[in-house]
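Protein chains in written order, with our numbering: chain A, 3 to 221; chain B, 3 to 221.
Just so it is clear, CB atoms sit at the ideal spot from N, CA and C, and this is done for glycine as well.
Since the structure is predicted, the reported quantities are computational estimates derived from the model, not experimental observations.
Protein chains: 2
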Amino acid sequence: MSWSQSLSPYILHPDQHEKDLVVYYDDIVTIIHDGFGKSTYHLLILPRDSKLTKKHPTTGVTAHIKNLLQTYVDWCTNYIYDHFTGRYEILPSNDNLSMSSKEDFIEQFILVGVHSVPSMNNLHIHVLTRDFHSLKLKNKKHYNSFNTKFFVQWDQLPLHFKPDKHEMENVIIKKSDLICCYCNKNFSNKFSQLKKHLGEEFDSHFKLNSSDANVSDNT
Amino acid sequence: MSWSQSLSPYILHPDQHEKDLVVYYDDIVTIIHDGFGKSTYHLLILPRDSKLTKKHPTTGVTAHIKNLLQTYVDWCTNYIYDHFTGRYEILPSNDNLSMSSKEDFIEQFILVGVHSVPSMNNLHIHVLTRDFHSLKLKNKKHYNSFNTKFFVQWDQLPLHFKPDKHEMENVIIKKSDLICCYCNKNFSNKFSQLKKHLGEEFDSHFKLNSSDANVSDNT
DNA sequence: TATTCCGATAGTGAC
DNA sequence: GTCACTATCGGAATGAG
Chain A
3 MSWSQSLSPY
13 ILHPDQHEKD
23 LVVYYDDIVT
33 IIHDGFGKST
43 YHLLILPRDS
53 KLTKKHPTTG
63 VTAHIKNLLQ
73 TYVDWCTNYI
83 YDHFTGRYEI
93 LPSNDNLSMS
103 SKEDFIEQFI
113 LVGVHSVPSM
123 NNLHIHVLTR
133 DFHSLKLKNK
143 KHYNSFNTKF
153 FVQWDQLPLH
163 FKPDKHEMEN
173 VIIKKSDLIC
183 CYCNKNFSNK
193 FSQLKKHLGE
203 EFDSHFKLNS
213 SDANVSDNT
Chain B
3 MSWSQSLSPY
13 ILHPDQHEKD
23 LVVYYDDIVT
33 IIHDGFGKST
43 YHLLILPRDS
53 KLTKKHPTTG
63 VTAHIKNLLQ
73 TYVDWCTNYI
83 YDHFTGRYEI
93 LPSNDNLSMS
103 SKEDFIEQFI
113 LVGVHSVPSM
123 NNLHIHVLTR
133 DFHSLKLKNK
143 KHYNSFNTKF
153 FVQWDQLPLH
163 FKPDKHEMEN
173 VIIKKSDLIC
183 CYCNKNFSNK
193 FSQLKKHLGE
203 EFDSHFKLNS
213 SDANVSDNT
C-alpha cells in the first residue's frame, strides 16, 4: 500500500523536491501541485504536523485548524487566480458563470475542500479550478469525487461524523449521474461525452493568451 | 429487425445459395452450416413449412413434427460423424469421454436441440459437435446458450410451456458460471480462460489428419 | 438468444 | 480515493429507397 503514503515525503522533506512541484512550504504546511491534477490548476495543502496529518479530513479540520490554515487557503486561491488569469483570457459568456471580478472568479471557479474518503493517508486539502479539463481526468470516479457530496467543501468543515465509506464509494461515486459543472447537462454514465463537452465548455469560456499559445492544451 | 429474418432466404430459395453453405434441401427442410458456427461442425435444420417456421421451437416441435424431422436429424448426425472423423483422428483419452464407436460419438459428442429464446425468427434446430472450438465463439452468451438449460435437447421436446424470456436472458445466460463441457471445470465468468482451455481439450482429444494438415485450425 | 463497434465497468498487480 | 493492463459487461446500430 505504499502508494497511499506517496504524500509523506512532501511533509517530511519539502526542500528535497523540484520547485515546479512544491510551490510553497514553511513549518506549518507544504503546498504542491497534485501529481495527477484533475483540473487546469490543482493544488494540495499538506499540513506538516505529525498528528494532524494522520487525522481524517472531514473531522480533523476543526474550527481551530481552519483558522490556522485559512491563510494558506487564501494563498492558494490567489496563486491560482494570478496564474490562471495570466495564462487565459476570460471570454464573455451567456451563462450564469460570472467571473468578471477576482472575488467572483474565486467564488465561482475555485473549489476548496476535502474528500470524504481519502485514498492518500496524509491529510490534504484540495484547491482547484472548476474546469476538470485535464488529461488526468479519465473516469467517472475522478469526476464525481469533486462533483458530488463525496467532496466536502471548506466552508462545510468540520463534519461531526465520518461519511460512510461504502455509501460514498459504491453509491455516490458509482451511481451518481455525470452532471456538467458548467451547465448542469446530464450525461448519465457517458463519461466520454462529458469529457468532450468539458473541453467545449472550457474553450467557450477561456482563451489562451498569445504569449502562451505555444503551450499545448490539456485536451 | 431484418437481421432476425436472415434465415428466411434459405427456406424460400434454398437453390440460390452456395453449395458450401446449403448442405441439403428438399420440400420439407433446408439444412445449412450456421453462418457463425460455434463448434467445429454446426448445422441448422430449417423446416420450410410456412406455418411451422413461425412457431416457437420449444412448443412447435411436437411429437408429430419430431417424427417427421427425425430422419433429417439422423442425416445431420451422420454427416457430422463422417466429416469430423474424416478430418480428425480421435485420440485415446483418460477421461470419461468414450468415442470409440459411432454410436458413442453421436451420443456423447453431438448436440441436437433448440434455443429456449431464439433470436432468429425462423424455427431452426441446432446440430453441432460439442467442442465449442470456433473463432466465432466470442462471449459467455455464445457458450451458455448451448451449455445451460437455455438449450433444450431434442429428446426433451416438446415442452408444454415457453420458457420465461427474462429468466433465460438475464439469469441463466448471464449469471450461470462457465463450466467446461469436457471436464466440468468451473471458470466462473472467465471467458478467455475457458476459451483457452477448450482449445487444449480439443487438442488432447483430436488430431488433424495429415491430409488436412494444411488447413488452419480454429484457435 | 444475429454481429460489430465502442465504451463503461471491474479486478489485478505494481515497487 | 494512484496508474496501467486486461477482460468482462453493456448499450446502440444494423437497411433500404
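Run through the DSSP bridge pairs and tell me what K209 (chain A) is partnered with. On the first sequence, position 207 is the one that residue 209 (chain A) refers to. According to DSSP, which records beta bridges pairwise, K209 (chain A) is partnered with A:E91.
Would you call L45 (chain B) buried or exposed, if buried means 16 or more other Cβ atoms sit within 10 Å of its Cβ? Numbered from its first residue, the second sequence carries residue 45 (chain B) at position 43. Under this definition L45 (chain B) is a buried residue.
Could you give the distance in angstroms between the alpha-carbon of T150 (chain B) and the alpha-carbon of R132 (chain B)? Indexing the second sequence from 1 puts residue 150 (chain B) at position 148. Indexing the second sequence from 1 puts residue 132 (chain B) at position 130. Cα-Cα distance, rounded: 13 Å.
Whole angstroms are fine: how far does the CA of E171 (chain A) sit from the CA of L14 (chain B)? Working through the second sequence from its first residue, we reach residue 14 (chain B) at position 12. Working through the first sequence from its first residue, we reach residue 171 (chain A) at position 169. Rounded to whole angstroms, L14 (chain B) to E171 (chain A) spans 56 Å at the Cα level.
Tell me which residues share the same chain as H58 (chain A) and place their Cβ nearer than 7 Å to its Cβ, disregarding the 5 neighbours each side in the sequence. For the purposes of this step, residue 58 (chain A) is taken as the residue at position 56 of the first sequence. Closer than 7 Å at Cβ, skipping near neighbours: K164.
I think F208 (chain A) touches L93 (chain A), with their Cβ atoms under 8 Å apart; what is that distance to the nearest whole Å? Here residue 208 (chain A) refers to the residue found at position 206 when the first sequence is read from its first residue. Here residue 93 (chain A) refers to the residue found at position 91 when the first sequence is read from its first residue. Yes, they are in contact, since the Cβ atoms of F208 (chain A) and L93 (chain A) sit about 6 Å apart, within 8 Å.
My output table needs one value for H168 (chain B): the three-state DSSP class, helix, strand or coil. For this step, residue 168 (chain B) is matched to residue 166 along the second sequence. The answer is helix: DSSP assigns H168 (chain B) an H, G or I state.
Considering only residues of the stretch 16–69 of chain A, which uninterrupted beta strand (DSSP E) runs meet the minimum length of 3 residues and lie entirely inside it, listed in chain order? 24–27, 31–35, 44–49
How is D219 (chain A) classed by DSSP in three states: helix, strand or coil? As a working mapping, residue 219 (chain A) is identified with position 217 in the first sequence. Legend: pLDDT at D219 (chain A) = 49, less than 50; position of this residue unreliable, no value from coordinates given.
Contact set for H117 (chain A): own chain, Cβ-Cβ below 8 Å, skip 5 residues either direction: For the purposes of this step, residue 117 (chain A) is taken as residue 115 along the first sequence, with counting starting at 1. Hits under 8 Å: P59, H128, S147, F152, F153, V154.
Assign D36 (chain A) to buried or exposed, taking buried as 16 or more other Cβ atoms, counted over all protein chains shown, within 10 Å of its Cβ. Sequence index remark: in the first sequence, residue 36 (chain A) carries index 34 (1-based). By the 10 Å Cβ count, D36 (chain A) comes out buried.
Cα-Cα separation, D17 (chain A) to S212 (chain A): On the first sequence, residue 17 (chain A) is found 15 positions in, with the first residue counted as 1. On the first sequence, residue 212 (chain A) is found 210 positions in, with the first residue counted as 1. The alpha-carbon atoms of D17 (chain A) and S212 (chain A) are separated by roughly 34 Å.
Whole-angstrom Cβ separation of V63 (chain B) and V114 (chain B), contact assumed at under 8 Å? Indexing the second sequence from 1 puts residue 63 (chain B) at position 61. Indexing the second sequence from 1 puts residue 114 (chain B) at position 112. Not a contact, Cβ separation roughly 11 Å.
Taking C-beta to C-beta, are G88 (chain B) and H135 (chain B) nearer than 8 Å? Stepping through the second sequence from its first residue, residue 88 (chain B) is reached at position 86. Stepping through the second sequence from its first residue, residue 135 (chain B) is reached at position 133. Not closer than 8 Å, so no.
Using only CA atoms, which one of B:L99, B:K68, B:V25, B:T55 lies nearest to D157 (chain B)? The sequence position of residue 157 (chain B) within the second sequence is 155, counting from 1. Taking only the C-alpha atoms, the option nearest D157 (chain B) is B:K68.
Would you mind giving the Cβ-Cβ distance between V25 (chain A) and R50 (chain A), rounded to the nearest angstrom? I have them listed as a contact below 8 Å. Taking the first sequence and counting its residues from 1, one reaches residue 25 (chain A) at position 23. Taking the first sequence and counting its residues from 1, one reaches residue 50 (chain A) at position 48. Actually they are not in contact, since the Cβ atoms of V25 (chain A) and R50 (chain A) sit about 15 Å apart, beyond 8 Å.
What's the gap between the Cα of Y145 (chain A) and the Cα of N123 (chain A)? Mapped onto the first sequence, residue 145 (chain A) falls at position 143. Mapped onto the first sequence, residue 123 (chain A) falls at position 121. The straight-line gap from Cα to Cα measures roughly 21 Å.
Do you know offhand how far Y81 (chain B)'s Cα is from Q110 (chain B)'s? In the second sequence, counting from the first residue as 1, residue 81 (chain B) sits at position 79. In the second sequence, counting from the first residue as 1, residue 110 (chain B) sits at position 108. When rounded, the distance between both Cα atoms is 16 Å.
Could you give the first and the last residue of the continuous beta strand (DSSP E) run that contains L113 (chain B)? As a working note, residue 113 (chain B) is residue 111 in the second sequence. It spans 112–117 - the beta strand (DSSP E) in which L113 (chain B) sits, taken as one unbroken run.
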